[in-house]
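In UniProt numbering, the protein residues as written are 1 to 184.
Right, dumping it as structure tokens:
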């Protein structure tokens, strides 16, 4: 799984846990308020019980119910407090993991940038070397062409000299033949 995808998943999970944490905090606050209200009710009823004193049978039945209710609410508050602590620990752990993943993404990004820069520089050097190689080949071809043109010019002059010599030899030979015919 890529670090970015994992980071996104962890961010979503972190958001869900934050929402659960807020919900647990709200439930915790509600339970605390209910506990406080129950304590007030118990103390008020207890005061009323002391003041009135006549309805002892009714108050005696309400007191255990209120104690049970208070005990249940205290248990709920304890449970919610534990849940809240666990959620905070998970959120802290996810925040650390999130930070580590962000750092890993930053490092990968830097490595990619450095790699791209090196690749770009390597391609530039390769291009320069290829251009230099092509220039040398072009220079070599030009030198060969110049040498060939020079050789062609020499050959043409030599051929022209041969023609002239041959033409003058042919002319001298025909004059000599005519002269020998005239003499004989």
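Here a beta-carbon is modelled for each residue, glycine too, at the ideal position from N, C-alpha and C.
Residue i Cβ short of 7 Å to the ligand MN heavy atom set
i	result
residue 93	This structure lacks the ligand MN, and indeed carries no ligand of any kind.
Residue burial classification, residue i (beta-carbon count within 10 angstroms, cutoff 16)
i	result
residue 65	exposed
residue 4	exposed
residue 73	buried
Residues near residue i in its chain [Cβ-Cβ closer than 8 Å; skip 5 each side]
i	result
residue 153	none
residue 38	66, 69, 70, 73
residue 13	94
residue 28	77, 80, 81, 84
Cut-off 7 Å between Cβ atoms - residues of its own chain near residue i, not counting five sequence neighbours on either side
i	result
residue 104	3
residue 76	31
residue 34	73
Other residues of its chain near residue i: CB distance less than 6 Å, five sequence neighbours each side excluded
i	result
residue 41	none
Integer Cβ distance of residue i from residue j, believed to fall under 8 Å
i	j	result
residue 8	residue 98	With 8 Å as the limit, residue 8 and residue 98 do not qualify as a contact, their Cβ atoms being about 10 Å apart.
residue 6	residue 101	6 Å
Three or more C-beta pairs closer than 8 Å, one from the region 84-103 and one from the region 12-24: is that the case here?
-> They touch, by the three-pair rule.
Could you tell me whether the region 66-85 touches the region 23-35, where touching means 3 or more Cβ pairs closer than 8 Å?
-> Contact between the region 66-85 and the region 23-35 is present, with at least three C-beta pairs closer than 8 Å.
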